[in-house]
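Q:
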Amino acid sequence: MKRTHLVLAILGVAALLLFPVGVGNPYYIHLLETIMIYAIVLFGLDIVVGYTGQVSLGHAGLFGIGAYTAGVLVTKLGTPLLVTLIASIGVTALFGAILALPALRVSGPYLAMVTLAFGTIIQILINEMTFLTEGPMGIKLTKPNLFGVRLDEREFFWVVAVLMVLALIVVHRVLRSHLGRAFEALRGSPVASDCMGVSVYRYKVYAFVISAGFAGLAGALYAFSEQYISPNSYNFELTVLFLLAVIMGGRKSRIGAMLGAAIIVLLPKLLDDVEMFRYVSVALAVLVIATTVFGIQKSRVTAKQMAIPVVGSIALAGLSFWLQTMTDWRLSIFGVIMLFVVYYLQDGIVGFVRSALNLAKPKPEAQVAGASLAGGDAVSTTAASGSGEILKADRVLMQFGGLKALNDVSLSIQRGTIHGLIGPNGSGKSTMMNVLTGIYVPTAGTIAFEGRSVVGRTSSDIALSGIARTFQNVQLFGEMTALQNVQVGLHHTFDSNLFDVAVGTPRYGRESRAATARALGLLQFVGLADLAYEEARNLPYGKQRLLEIARALALDPQLLLLDEPAAGLTAPDIKELISFIRKIRDHGITVILIEHHMDVVMSMCDTVSVLDFGQKIAEGEPAAVQADEKVIEAYLGGQAA
Amino acid sequence: MIRFSKIAIATALVASGTLALAADPIKIGVNGPFTGGSSSMGVSMRDGVRLAITEINASGGVLGRQLVAVERDDEAKNERGVQIAQELVNKEKVTAVVGYINTGVALASQRFFQEAKIPVMNNVATGSIITHQFDKEPENYVFRNAAHDSIQAPMIVEEAITRRGFKRVAILADSTNYGQLGREDLEKALKAKGITPVAVEKFNIKDVDMTAQLLKAKEAGAEAVLTYGIGPELAQIANGMTKLGWKVPLIGSWTLSMANYIDNAGPGGEGARMPQTFIQEPTTPKRQSFIISYLKTFNPKNARMDSPVSAAQGYDSIYLLAAAIKQAGSTDGPKVKAALEDLKTPIEGVVTTYNKPFSKTDHDAITANIPVFGEVKGGKVVYAYPDDQKKASEIRVKK
Amino acid sequence: MQILTQLIFSGIALGMIYAVIAFGYQLTFATSDTLNFGQGDALMLGALVGLTLVGLGVNYWLMIPLVCLFGAFQGAVVERIGVRPAIKIKSEFGWIMSTIALGIIFKNVAENVWGRDDLKFPSPLPEAPMKFLGANVLPMEVLVVVGAILMMLAVEFFNRKTIYGKAVVATFNDRDAAKLMGINTGLVITFSYALSSLTAGFAGVLIAPLTLTGATMGAVLGLKAFAVAIIGGLTSGMGIIVGGIILGVAETTTGFYISTGYKDVPGLVLLLIVLAVRPQGLFGKTAIKKV
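Residue numbers (the numbering used here), protein chains in the order written: chain D, 747 to 1387; chain H, 13 to 411; chain E, 195 to 485.
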């Protein structure tokens, strides 16, 4: 961590711990305590919403499970604090898994509705299972004992503060690790993620379960803090508030989560107090107007863009003076804020401030100095066991409805060769790739890779067994840097689990450093070493394609499938590409190459197969294929491009 | 219309508060459900409280200081009550608290006032255990001027079993603390008469369809249905009975007098009977002036108080507290409490005249002889027994 | 046995309401791949507006088309404010959050305008139950079933036989191509939202006399209707009718034989199971994703 950041962080924690000493009033201590507890929930929710991009409407339910686990254990069994907290985390994580395993097979709106249903079921169960939960009558608690001493308001505050800081550190570490990269990857491009050996489904579930654990911890602390829990509290309104907090504070940001927590706790209190609200809304309107004027002067925004925020904030201030009480309109105000945030503050307040002050996004990791590996070392040398068949596809049929995209196609790929796959557009080349990597399941036929069948296995499983690929339409993880993209490919080199990451064991340290070094080496191999810390989406098109190759190589594959790697490249780039592919082959990796650039195909390939309308019409050495009548006809007189 | 007069009242209160001479106002917390299914009780209670405060302030306030109501809407939710209690104790620093309509909210929240030694005058909530929650502690800060369930339940049972001769009764109670504790009181009272209910059913707040519960009661051969719930759900019970074509008498706790029961149950709700401490009829000069003032100030629809019992008890609770503060000569919690337990001068309230209503061991102002039976007739609550109406001008004092 | 018949009839009536709301989900999903998370609130607004109109003296049957008009307008507003901008900025869950936000706003406004209490909706048909196969059936329940089926048939007819219907199918299949063919896809999407809210409002005035009308009536209905849409399949009209009946009957029987508190559970659990085992629903078709 950078020096200044560390100092600021320490000051922040110190201020937090000194708060109850300075401010004696239990009401305000309790308020800040609630903010911290919500912040813990939001750290976890951010992983799901901010990183993996899933909308969960069930986190209030998970929060409630944590609270009730604590409540029931304490009142029925009198368990000590530490046991209670661990139990709450565990039980809630378990429920998270029960929910996630079926729910995350779907995505988008389906997940939102499923989690909503789950949250509703949980509320009903808590309400009805009175033998366990006392139902609507609720459970009364006192502050817990720690080391035999009953904690008072201040002491419990410190417990919560310490736990929040720990939660923050754990989340931070997880998100910076290979786990965090996996989460971002599955959002950036689910297909690519699967094909790089990071199973989208599995990691969505991990993310959800981890966030459930956090919600469980927060729930238990909440039960002790409020000293009373009832089923009513864990309702739709709360879950929407959590979402609003994450989005409004700023996704993918710990500060954003804490800010969001503060807003959703303080805003209702603010609305209760009309006087205070009037001051705040006027101040807000003034701020918005000032920012607009400033922005227009600097030509950063146009009047039209800022029209709605300006009018809105003035209207809000006016409304607060006209209405006698704002509490009745609390939910409408939340709704309007939500709309505003969705359209104008997509990166939340943190994102807005960052871009307004032109702050750079925090660098993901310290720049590793001098990756002095010779490029060649980074690409692993597969145990090239001489010759022999590495892949055999036999009479593959791929049918979509009535359309036969692949019709009785057989391929035999020899180890250590570059095998070209050509054909006119729509002939089934990419379909073949997708079948080989498990994206499609063939309607009929067999495919055996190194003796094992590929059919029916998941893409990530196939990737981990040695087949890597690039994509016709570039499928990079856009928001991640080039280095991080390659590191995702290196995911399979990590044995460390959640515990290793959270605690920071030596094993994790070793693996992390090794992965970074190796990734830099691979980037050097494709000539992208100096762009390592650039976001992938900012790279020029040609370099993006090379990055995909580097990422695919990170899988240590036996077989590399390249889908039109030369598309969109300029002539010098193509020359470079050819030399890369040759080097790859020299390392013992077998290559299947789909290409339209005939010179590339002819100069590199040992064998070429030609597809047309889903059928193989020719196969053999490049020169022979080039002269084949059927091939020429298929391309309608196509010759070397 | 009502909104304007509410705003007018609020402005008047604020104005009267600011017009007060240099002295600090005395803050009284007013805690009740002003929105939601229980709101007719909460709003009526609050209005009764406001009326009392205006009257007291107009005649100089208490100890030369004006009374100020710090009103908070608990939405009948226990957890809201808890949060409000903490706010009233730590942030607003109130002298005393009136309110609690819902038993559950009271039970969840009172302990914060008890810990802070702030007296609570429960003016509507009837759960028997409310005033006994802190019996084990040396000082008990919870008082009540409402008719608690250990009075109401036996009254209900007396009416159903003895006076009207039913042998098979079903109990329908909601799932809140109020409903479940009330049900327990009913079962206890029935047992004392050697009767077991033929069916005991539960329903949730916001439930709309009571068919299942009513069918079970009907199958069991119930001749009457005893209820412990609040307005909206009670109305659905009546509607459900109409839908099933099964009309048996409804006898239940005082909440059968709620406006939203009467209005939503329509003709099917007529004839329901419930214990009442106050019926909106000008049977004594005090009651007459109270009704006139209330109607003039708040102008409810059809000149019918939404919950006459809540309004009257809310009104009385302020007068009780004011008298105690005056007698104690201070707003210090323990002193006010001591004064309440030993009120030296009688206080003429709407429900009754309070003559030393509390003692160290007895914190309930209403005894079994005070409430009468009300009946829903013609869209409002009237005296069920003509005898009671004739004798209504006699003020029943605590025995 | 009599009780079981009673429960089944009530269940069917209830299920048809869910089906009509679910139908609305299908309409918007078909054209824009989005759903209105505030669908339940559209129903609630329809019911409350209907209540006001009836209170002002408008005849129930006359009130229905008026509420439908209101529903259409409300749906168009939701699309304009909530969905269109989100689609434009290609936000992945923007439309989820914005339709939720609009739903919350509508509910809060309704609470303030009509109050937080639940109100009684006067029934246009006699409230005395009829006897049918030994069970009590309210005339209103029959109206619900008939009304729901009529509404769905009307929309299906509209879709299949008219130009608009073809435009919808075209927009669903390929929005850009449809645009190039001169179809105003934006208008089509707006229209589908308007139609969806119209059906929701219609469902609202159908069901209002059977239950209490209030600001909170929409939320759970919306969620269960979604369960029906998933169970039946988001692309199949027949599916949602079957799904609705299954859900409705499961609910009433659970409410009686187990406990009323648990009556919402079977539907929601069924939703989870269907999503886990057969995500396209009982009658739906799987879509192939091309990479």
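Idealized CB from N, CA, C, for every residue including glycine.
What residues in the stretch 839-861 of chain D have a beta carbon less than 7 Å from any beta carbon of chain E?
A: So the close ones are 848, 849, 851, 852, 855, 856, 858, 859 and 860.
Q: Start and end of the beta strand (DSSP E) containing residue 1157 (chain D)?
A: Start and end: 1149-1160.
Q: Inspect the beta-carbon positions of residue 1176 (chain D) and residue 1340 (chain D) and report whether they are closer than 9 Å.
A: Yes.
Q: Of all the CB atoms in chain H, is at least one closer than 9 Å to the CB of residue 197 (chain E)?
A: Yes, residue 197 (chain E) counts as interfacial toward chain H.
Q: On the premise that residue 375 (chain H) lies in contact with residue 152 (chain H), defined as a C-beta separation below 8 Å, what is that separation, rounded to the nearest angstrom?
A: Their Cβ separation, rounded to whole angstroms, is 6 Å, which keeps residue 152 (chain H) and residue 375 (chain H) in contact under 8 Å.
Q: Please give me, in chain order, every unbroken run of the alpha helix (DSSP H) with length at least 4 that falls completely inside the stretch 984-1031 of chain D.
A: Complete alpha helix (DSSP H) runs here, min 4: 1000-1018.
Q: My assumption, with CB atoms under 8 Å, is that residue 1356 (chain D) sits in contact with residue 1365 (chain D). Please give the rounded CB distance.
A: That belief holds up - the Cβ atoms of residue 1356 (chain D) and residue 1365 (chain D) are roughly 7 Å apart, short of 8 Å.
Q: Flag residue 209 (chain H) as yes if its beta-carbon sits less than 9 Å from any beta-carbon of chain E, otherwise no.
A: No, no contact with chain E.
Q: Given a cut-off of 9 Å on the beta-carbon distance, is the pair residue 221 (chain H) and residue 204 (chain E) in contact?
A: Yes, the pair counts as a contact, with Cβ atoms nearer than the cut-off.
Q: Return the first residue and the last residue of the beta strand (DSSP E) that residue 1238 (chain D) is part of.
A: Unbroken run through residue 1238 (chain D): none, as it is neither H nor E.
Q: Look at the Cβ atom of residue 1244 (chain D), then the Cβ atom of residue 1001 (chain D), and state whether they are nearer than 9 Å.
A: Not closer than 9 Å, so no.
Q: With a cut-off of 8 Å, do at least 3 Cβ pairs link the stretch 906-914 of chain D to the stretch 768-783 of chain D?
A: Touching, yes.
Q: Should residue 767 (chain D) go down as buried or exposed, given a rule of 16 or more other Cβ atoms within 10 Å for buried?
A: Residue 767 (chain D) should be labelled exposed.
Q: Does the stretch 976-988 of chain D come close enough to the stretch 753-768 of chain D that 3 or more CB-CB pairs lie under 8 Å?
A: In short, these stretches do not touch, since the Cβ pair count stays below three.
Q: Taking only three categories from DSSP, how would you classify residue 291 (chain H)?
A: DSSP places residue 291 (chain H) in coil when its eight states are reduced to three.
Q: If we ignore side chains and look at the alpha-carbon of each, how far apart do residue 1009 (chain D) and residue 1032 (chain D) end up?
A: Taking the straight line from one Cα to the other gives about 19 Å.
Q: List the DSSP bridge partners of residue 366 (chain H).
A: Answer is H:359.
Q: Please compile the residues from chain D whose C-beta is within a distance smaller than 7 Å of the C-beta of residue 136 (chain H).
A: What residue 136 (chain H) touches in chain D: nothing, since even the nearest Cβ is about 19 Å away.
Q: Could you give the DSSP three-state label for residue 739 (chain D): helix, strand or coil?
A: Summary: the structure shown does not reach residue 739 (chain D), with chain D confined to residues 747 through 1387, and so no result is reported for it.
Q: For the beta strand (DSSP E) holding residue 1145 (chain D), just list the boundary residues, first then last.
A: Counting along the chain, the beta strand (DSSP E) containing residue 1145 (chain D) begins and ends at 1135-1146.
Q: Can residue 476 (chain E) and residue 438 (chain E) be called in contact, C-beta distance under 9 Å?
A: No. Outside cutoff.
Q: Which residues bound the alpha helix (DSSP H) around residue 251 (chain H)?
A: Where residue 251 (chain H) is concerned, the enclosing alpha helix (DSSP H) stretches over 243-256.
Q: If you count every other CB in all the chains shown that lies within 10 Å of the CB of residue 213 (chain E), and 16 or more means buried, which is it?
A: So residue 213 (chain E) ends up on the buried side.
Q: Is it right to say residue 367 (chain H) is buried, meaning 16 or more other beta carbons lie within 10 angstroms of its own, or is it exposed?
A: Answer is exposed; the Cβ neighbour count stays below 16.
Q: Contact criterion: CB-CB distance below 9 Å. Does residue 978 (chain D) meet it with respect to chain H?
A: Chain H contact via Cβ: present.
Q: For residue 391 (chain E), which residues does DSSP report across the bridge?
A: Answer is none; residue 391 (chain E) lacks a bridge partner.
Q: Could you give the distance in angstroms between the alpha-carbon of residue 295 (chain H) and the alpha-carbon of residue 384 (chain H)?
A: Approximately 13 Å between the Cα atoms of the pair.
Q: For residue 309 (chain H), which three-state DSSP category applies?
A: Reduced to three states, the DSSP call for residue 309 (chain H) is helix.
Q: Taking a cut of 7 Å between CB atoms, which residues from the stretch 109-121 of chain H lie near chain D?
A: Those residues of the stretch 109-121 of chain H that come within reach of chain D (Cβ to Cβ, closer than 7 Å) are 116 and 120.
Q: Determine, using beta carbons only, whether residue 401 (chain E) comes closer than 9 Å to chain D.
A: No, because no Cβ of chain D sits closer than 9 Å to the Cβ of residue 401 (chain E).
Q: When you compare the CB positions of residue 1322 (chain D) and residue 1255 (chain D), do they come within less than 9 Å of one another, or not?
A: No; because the gap between Cβ atoms is not below 9 Å, this pair is not in contact.
Q: Ends of the beta strand (DSSP E) at residue 133 (chain H)?
A: 132-134 is the span of the beta strand (DSSP E), which, as asked, contains residue 133 (chain H).
Q: I believe residue 336 (chain H) touches residue 357 (chain H) by the beta-carbon criterion, under 8 Å. Please report the beta-carbon distance rounded to the nearest angstrom.
A: With a Cβ gap of about 11 Å, residue 336 (chain H) and residue 357 (chain H) do not count as contacting.
Q: Would residue 393 (chain E) and residue 218 (chain E) qualify as a contact pair, given that the criterion is a beta-carbon distance under 9 Å?
A: In contact: residue 393 (chain E) and residue 218 (chain E) (Cβ atoms closer than 9 Å).
Q: Using a Cβ cut-off of 8 Å, pull out every chain A residue sitting near residue 189 (chain H), in sequence order please.
A: In the structure shown, chain A does not exist; the protein chains are D, H and E.
Q: From the DSSP output, which residues share a beta bridge with residue 1353 (chain D)?
A: BP columns for residue 1353 (chain D) point to D:1165.
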